[in-house]
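Chemist: Handing you this structure, nothing more for now.
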Amino acid sequence: MGWTNLLGEIPDFPVSGVLFRDVLPVMADKRAWQEVLDGLEASVKDLDPSAILAPEARGFLIAAPLADRLKVGLVPVRKPGKLPAPILQEAYSLEYGDNQLEIEAHTPLEGKRVLIVDDVLATGGTVAACARLAERLGANVIGYAFIIELRALAGRQRLNLEHAGITSLLTL
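What follows is the structure in structure tokens.
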């Protein structure tokens, strides 16, 4: 796992007291990025998803090449004000505040097996909101995939894992 040497740690970002884990340097390195994508693909391919949901913005960067490798659809989940109406909205909390996510209300997810992908599982608020949006559109959330899971923030406790598991390449 040579890619882990490229992870950035930025103290007090985006607010005081938060240690931000920066995966962008990993993405900038050809070998490291391929190692991460290979690891994620190997970890989730047996789930047989029919679509990947990804929250803005780093989730998009990870989910797009992964969806291409798995030959499945990609559904972006956006921050407020980025999508035309009609939309569905979900509010959520994270370690430094509250926010909201949106998805197009006509996204064809009914009955689909959905994998939710993001860079880091911290408190779980963002991906829990993605899961609620997917379920409101009739999808079955079959799993969550992350580059990093921050165990101390207990994000997995906020996720419904009855029919879904969590894949993380690195747990800190």
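Quick note: the sequence shown uses the working numbering, first residue 732, plus one each step.
For glycine and all other residues, C-beta sits at the position ideal for the given N, C-alpha and C.
Could you give the distance in angstroms between the alpha-carbon of GLU766 and the alpha-carbon of ALA773?
Modeler: Cα to Cα, GLU766 sits roughly 11 Å from ALA773.
Chemist: For a minimum of 4 consecutive residues, which ranges assigned as the alpha helix (DSSP H) are wholly contained in the region 774 to 859?
Modeler: For the region 774 to 859, whole alpha helix (DSSP H) runs of length 4 or above, ordered along the chain, are 789 to 801.
Chemist: Our contact map puts ASN916 next to VAL848 with C-beta atoms below 8 Å; I'd like the distance itself, whole angstroms only.
Modeler: As displayed, the chain neither begins before 732 nor continues past 903, which places residue 916 out of reach and without an answer.
Chemist: Rounded C-beta distance between GLU833 and ILE818? I'm assuming under 8 Å.
Modeler: Yes, GLU833 and ILE818 are in contact; Cβ-Cβ is about 5 Å, under 8 Å.
Chemist: Give every residue of the same chain whose Cβ lies closer than 6 Å to the Cβ of ALA860, excluding the five residues on either side of it in the sequence, and list them in chain order.
Modeler: So the qualifying residues of the chain are GLU821, TYR823 and LEU832.
Chemist: How should SER747 be labelled, buried or exposed, when 16 other C-beta atoms within 10 angstroms of its C-beta is the threshold for buried?
Modeler: By the neighbour-count rule (16 or more Cβ atoms within 10 Å), SER747 is not buried but exposed.
Chemist: When you compare only the Cα positions, how much space is there between LEU852 and ARG887?
Modeler: If you take the alpha carbons of LEU852 and ARG887, they lie about 8 Å apart.
Chemist: Whose CA, out of GLY828, PRO786, LEU778 and ALA816, lies closest to the CA of LYS810?
Modeler: Minimum Cα distance to LYS810 is reached at PRO786.
Chemist: So ALA865 and LEU784 are in contact, right, with Cβ under 8 Å, and what is the actual spacing, rounded?
Modeler: Indeed, because the Cβ distance is near 6 Å, the residues count as touching under 8 Å.
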